[in-house]
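**Student:** Protein sequence lines, in the order shown, are assigned to chains R and W.
Residues 17 to 502 in the working numbering are what the first sequence spells out, letter by letter.
Residues 280 to 435 in the working numbering are what the second sequence spells out, letter by letter.
Beta carbons: idealized from backbone N, C-alpha and C, even for Gly.
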Amino acid sequence: MNDFSEYLEKTREVGTVEEVLASIVYVKGLPTCRPYEVVMFESGEIGQVISLTPEYVEVLLLSAAPIMGGTRVTRTDKKMEVVVSDSILGKVVDPLGKSLIGSLPGRAKAEKMPMFTTPVGIGSRKNVSEPLETGVSIVDLAIPLGKGQRELVIGDRKSGKTQFLQQVVVTQALKGAICIYASIAKRWSDTQKTLAFFKKFQVEGKVVMVVAGPADTPGLIFLAPYTALTYAEYFRDKGHDVLLILDDLTAHAKYYREITLSARRFPGRSSYPGDIFFVHSRLLERAGKFTRGSISCLPVAETTFRDFSGYIQTNLMSMTDGHIFFDGDLFARGRRPAVNSFLSVTRVGLQTQTNLVREINRELSKFLVVYEKMRQYMHFGSELSQGTRETLFLGERITSFFEQSEENIIPLNINVLLLGGIWAGLWRDTEIGQMKKEMYQKIDIYNKDASYRRMVNKIITDTETFAELIFNLKEDSSILMGKRAT
Amino acid sequence: MYSELLPLARTEEELEILKKELDELKACLYKPEGVYEEALSKKVRAGTAGVIRQFTAQGVIKDKAKFFEEIGKALDSFKTLELTIAFEPREETIERIWEWVRKNVGEGVVVKFKVEHAIGAGCILVYQGKYRNYSFSKRLKDDFASQKQALLKMLN
Chain R
17 MNDFSEYLEK TREVGTVEEV LASIVYVKGL PTCRPYEVVM FESGEIGQVI SLTPEYVEVL
77 LLSAAPIMGG TRVTRTDKKM EVVVSDSILG KVVDPLGKSL IGSLPGRAKA EKMPMFTTPV
137 GIGSRKNVSE PLETGVSIVD LAIPLGKGQR ELVIGDRKSG KTQFLQQVVV TQALKGAICI
197 YASIAKRWSD TQKTLAFFKK FQVEGKVVMV VAGPADTPGL IFLAPYTALT YAEYFRDKGH
257 DVLLILDDLT AHAKYYREIT LSARRFPGRS SYPGDIFFVH SRLLERAGKF TRGSISCLPV
317 AETTFRDFSG YIQTNLMSMT DGHIFFDGDL FARGRRPAVN SFLSVTRVGL QTQTNLVREI
377 NRELSKFLVV YEKMRQYMHF GSELSQGTRE TLFLGERITS FFEQSEENII PLNINVLLLG
437 GIWAGLWRDT EIGQMKKEMY QKIDIYNKDA SYRRMVNKII TDTETFAELI FNLKEDSSIL
497 MGKRAT
Chain W
280 MYSELLPLAR TEEELEILKK ELDELKACLY KPEGVYEEAL SKKVRAGTAG VIRQFTAQGV
340 IKDKAKFFEE IGKALDSFKT LELTIAFEPR EETIERIWEW VRKNVGEGVV VKFKVEHAIG
400 AGCILVYQGK YRNYSFSKRL KDDFASQKQA LLKMLN
């Protein structure tokens, strides 16, 4: 931004601050000011015009510094813009694009993109057709996602949502996607933990973090997801597949509510303004699968006591292509990740999967329902029929297989093969603890040994059906059991 | 309507003084007889008192309360023309500028003088959010900017 006097000489319009109400400033003057235009205060702070009345211009303050009554304001004749360039990768920036850690490199090749745009029309969009691997076993098999899908991640606070998102970012970054992580109103310490996680997996160079903490102004927090989306659009336009995380939109809605209540807007349901649906939908509508590149968006919504019938939560559900529900009860029982596959939905993810994964998904969903029903008979022990005991035995192993710490990323092909192995009864006589140990050894070999990886990938590619996979594994289990089986 | 009062409010400061005087007189309306007359002679400027007396004599003020209410509203609707100049204006300068404003901008406009020596000469005008810089410093800056190369060449 240039300085105040430069803009004043350019636009030749000036106003004065008449009233300051929290983050809303009422300005008199600026006769030809337009909605969403950026205005600059004499003190160098900036704001965004949110509405116009015959007497006043209503400005949303974007800087933390206090504004005094009588301060002069000028127009900039610009709307909110984000400076974008490839050099932004690996940086932690605020919603105005200022670096929060270290400095930004020279921006000679940088261009500016508008922060608020109309979503791309249907002519430039494509069907969601490619799978999006999350690296989380239960999600990849039970609730698979596709590139360009918008999947809501919903759950109580401290139920493992952020850990899951971090795993997805690492998986996608390792696969070459660009990841944009918008940390909205989260504590700085939490943001640093997320950053440390990315550094640990050496993917920080593929990630842009847009951070607006609770200490920032509500205006700045409000802009955070829009800035993140603008970065995503920049990389999408270059043909990249982009993963966008908006963590979280319920906090975003709360800050928007604070802004609108300060601006004396009429409160609607739960005191949210009438346009809260529009605010979020125009944001999520900008994601999707395009003729060139894709933006897969994982917005987050927080629930209270597992109640996902809240206003913002249901709004977000209706805007997205499904949701992954992180169950607080499962988390309390020690399940990691605490994904409740019965209450989770994926609307377009399945169509992107191979026949094999689709069939596994079908079988798995059916089986898990039966297993959940059978669990109530567990205490009968030896009195149970052979079939029920078999179901419980397999269910226990599958549930245990889905237990996955945030440090572990499981690639899809080895994931499919391991599940096939459990289903084929390869670890039937092995203790669950030992089984998991052996499985993680295989995952480790898969990640490190290219020839083993090729073999596994070939098996998965050549196999058409789940039954065929089971049959082949029963015939020859050496790929999973190695020397142990021979 | 009350154009005789206009010369008493040429600048923003004078407008404030006039408003205070009228408020003072309005407050005396419901006090014992003689208080209003005393306020008119002692608490307001001679010019203001003269105009009020003239209005009374001409029968303009039929209902004093209504008169003060109307005049208060009219004064509140006055617009301000902010004029930044490089010197402290003298009485005749104020008068001349105000006459010019009255003729060219219209009645009901008061001038707010701001003195800023840094502008050198000329003026900066701000009226209803519009900003125009006709100062010498701006001219100088623009000239230096447009002829930067030529000037550097001359100096070298």
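(1) So what does DSSP say about N488/R, is it helix, strand or coil?
(2) Within a Cβ cutoff of 7 Å, which residues of the same chain sit near V323/W, ignoring the five residues on either side of it in sequence?
(3) Starting from F392/W, trace the beta strand (DSSP E) both ways and give me its first and last residue.
(4) What are the boundary residues of the beta strand (DSSP E) that includes D172/R?
(5) If I measure Cβ to Cβ from N429/R and keep anything under 7 Å in the same chain, skipping five residues before and after, which residues do I get?
(6) What does Y410/W reach in chain R if we use C-beta pairs closer than 7 Å?
(7) Look at M129/R and T92/R and say whether their C-beta atoms are less than 8 Å apart.
(8) Within 8 Å (strictly less), CB to CB, does V405/W reach chain R?
(9) Identify whether E283/W lies in helix, strand or coil by the three-state DSSP scheme.
(10) Can you check the region 416-476 of chain R for any alpha helix (DSSP H) of at least 4 residues that lies completely inside it and give the ranges in chain order?
(11) Expressed to the nearest angstrom, what Euclidean distance is found between the alpha-carbon atoms of A501/R and L116/R?
(12) Quick one: what does DSSP say H339/R is sitting in, helix, strand or coil?
(13) What is the residue span of the beta strand (DSSP E) that G31/R lies within?
(14) Strictly below 8 Å CB to CB, what residues from chain W border P47/R?
(15) Please work out which residues of its chain come closer than 8 Å, Cβ to Cβ, to R374/R, disregarding the five sequence neighbours upstream and downstream, and give them in chain order.
(16) Would you give the residue range spanned by the beta strand (DSSP E) that G401/W belongs to?
(17) By DSSP, does R88/R sit in helix, in strand, or in coil?
(18) State the CB to CB distance for the pair G338/R and S175/R, rounded to an integer number of angstroms; the pair is presumed to be in contact (CB under 8 Å).
(19) When the distance is taken between beta carbons, is A279/R closer than 8 Å to I66/R?
(20) How many Å lie between R88/R and I331/W at the Cα?
(21) Are the CB atoms of V30/R and T90/R nearer to each other than 8 Å?
(22) Does the beta-carbon distance from T319/R to E167/R come in below 8 Å?
(23) So with Cβ pairs under 8 Å, would you call L419/W a contact of chain R?
(24) Consult DSSP for A198/R and reduce its assignment to one of helix, strand or coil.
(25) Along the chain, where does the alpha helix (DSSP H) containing D257/R start, and where does it finish?
(26) I need the DSSP call for D93/R, collapsed to helix, strand or coil.
(27) For C313/R, list the residues DSSP reports as bridge partners.
(28) Could you name the residues of the same chain whose beta carbon sits closer than 8 Å to that of V75/R, not counting the 5 residues immediately before and after it, in chain order?
(29) Among the candidates K125/R, Q218/R, W443/R and N463/R, whose CA atom is the shortest distance from the CA of I414/R?
(30) Tell me which residue opens and which closes the alpha helix (DSSP H) that Y315/W is part of.
(31) Suppose you measure from the CA of C49/R to the CA of V73/R; what does that come to, to the nearest Å?
(32) Can you tell me whether DSSP reads V152/R as helix, strand or coil?
(33) Using only CA atoms, which one of F341/R, E22/R, V33/R and V36/R lies nearest to T362/R?
(34) Starting from the C-beta of M394/R, find all residues in its chain whose C-beta is less than 7 Å away, skip the five residues before and the five after it, and write them out in chain order.
(35) Among Y272/R, S493/R and F324/R, which has the Cα closest to the Cα of L77/R?
**Tutor:** According to the data block:
(1) By 1-based counting over the first sequence, the position of residue 488/R is 472. Helix.
(2) Here the question's residue 323/W lines up with position 44 in the second sequence. So the list reads E300, E303 and L304, once near-sequence residues are dropped.
(3) Along the second sequence, read from residue 1 onward, the residue named residue 392/W stands at position 113. It spans V388 to V394 - the beta strand (DSSP E) in which F392/W sits, taken as one unbroken run.
(4) Start at 1 with the first residue of the first sequence, and residue 172/R comes out as number 156. Where D172/R is concerned, the enclosing beta strand (DSSP E) stretches over L168 to D172.
(5) Indexing the first sequence from 1 puts residue 429/R at position 413. V472, N473 and I476, listed in sequence order.
(6) Indexing the second sequence from 1 puts residue 410/W at position 131. Within 7 Å Cβ-Cβ: L24, R28, E29 and V30.
(7) Position 113 of the first sequence, counted from the start, is the residue given in the question as residue 129/R. Position 76 of the first sequence, counted from the start, is the residue given in the question as residue 92/R. Their beta carbons are not under 8 Å apart, which means M129/R does not touch T92/R by this criterion.
(8) As a working note, residue 405/W is residue 126 in the second sequence. Yes, its Cβ sits closer than 8 Å to a Cβ of chain R.
(9) Walking along the second sequence from the start, residue 283/W turns up at place 4. Three-state result, E283/W: helix.
(10) 428-439 and 448-464
(11) Here residue 501/R corresponds to residue number 485 of the first sequence, with the count starting at 1. Here residue 116/R corresponds to residue number 100 of the first sequence, with the count starting at 1. Low confidence applies to A501/R: its pLDDT is 42, below 50, so where it sits in the model is not reliable, and the reading given next is rough at best. Answer to the nearest angstrom: the Cα atoms are 54 Å apart.
(12) Here residue 339/R refers to the residue found at position 323 when the first sequence is read from its first residue. Three-state DSSP puts H339/R in a strand.
(13) Within the first sequence, the letter at position 15 stands for residue 31/R. First-last of the beta strand (DSSP E) with G31/R: V30 to L37.
(14) Start at 1 with the first residue of the first sequence, and residue 47/R comes out as number 31. Result: Q407, G408 and K409.
(15) To locate residue 374/R, count along the first sequence from 1; it is residue 358. Excluding positions up to five away in sequence, the list reads L366.
(16) Walking along the second sequence from the start, residue 401/W turns up at place 122. That run of the beta strand (DSSP E) goes G401 to Y406.
(17) Here residue 88/R corresponds to residue number 72 of the first sequence, with the count starting at 1. DSSP places R88/R in strand when its eight states are reduced to three.
(18) Counting from one through the first sequence, the residue named residue 338/R turns up at place 322. Counting from one through the first sequence, the residue named residue 175/R turns up at place 159. In fact, because the Cβ distance is near 18 Å, the residues do not count as touching under 8 Å.
(19) Locating residue 66/R in the first sequence gives position 50, counting from the first residue. Locating residue 279/R in the first sequence gives position 263, counting from the first residue. Yes, Cβ-Cβ distance for I66/R and A279/R is below 8 Å.
(20) As a working note, residue 88/R is residue 72 in the first sequence. As a working note, residue 331/W is residue 52 in the second sequence. Spanning the two alpha carbons is a distance of roughly 38 Å.
(21) Here residue 30/R corresponds to residue number 14 of the first sequence, with the count starting at 1. Here residue 90/R corresponds to residue number 74 of the first sequence, with the count starting at 1. Taking 8 Å as the Cβ cut-off, V30/R and T90/R qualify as a contacting pair.
(22) Locating residue 319/R in the first sequence gives position 303, where the first residue counts as 1. Locating residue 167/R in the first sequence gives position 151, where the first residue counts as 1. Against a cut-off of 8 Å, the Cβ pair of E167/R and T319/R comes out as no contact.
(23) In the second sequence, residue 419/W corresponds to position 140, counting from 1. For L419/W, the answer is no, since every Cβ of chain R falls outside 8 Å of its Cβ.
(24) On the first sequence, residue 198/R is found 182 positions in, with the first residue counted as 1. Strand.
(25) Position 241 of the first sequence, counted from the start, is the residue given in the question as residue 257/R. Here D257/R belongs to no alpha helix (DSSP H); instead the beta strand (DSSP E) covers D257 to D263.
(26) Locating residue 93/R in the first sequence gives position 77, counting from the first residue. In the structure shown, D93/R sits in a strand (DSSP, three-state: E or B).
(27) Reading the first sequence from its first residue, position 297 is the one you call residue 313/R. For C313/R, which the question treats as bridged, DSSP gives the partners R166/R and L260/R.
(28) Numbered from 1 along the first sequence, position 59 holds the residue referred to as residue 75/R. Same-chain partners within the cutoff: I40, V41, Y42, V43, V55, G63, Q64, V65, I66 and V89.
(29) Counting from one through the first sequence, the residue named residue 414/R turns up at place 398. Considering only alpha carbons, the answer is W443/R.
(30) Translated into positions along the second sequence, residue 315/W becomes position 36. Where Y315/W is concerned, the enclosing alpha helix (DSSP H) stretches over V314 to K321.
(31) Along the first sequence, read from residue 1 onward, the residue named residue 49/R stands at position 33. Along the first sequence, read from residue 1 onward, the residue named residue 73/R stands at position 57. Straight-line Cα distance between these residues: approximately 8 Å.
(32) Reading the first sequence from its first residue, position 136 is the one you call residue 152/R. Reduced to three states, the DSSP call for V152/R is coil.
(33) The residue labelled residue 362/R in the question sits at position 346 within the first sequence. When only C-alpha atoms are compared, the closest one is F341/R.
(34) Stepping through the first sequence from its first residue, residue 394/R is reached at position 378. Excluding residues within five positions, the ones whose Cβ falls inside 7 Å are L408.
(35) Here residue 77/R refers to the residue found at position 61 of the first sequence. If we check each option's Cα against that of L77/R, Y272/R comes out closest.
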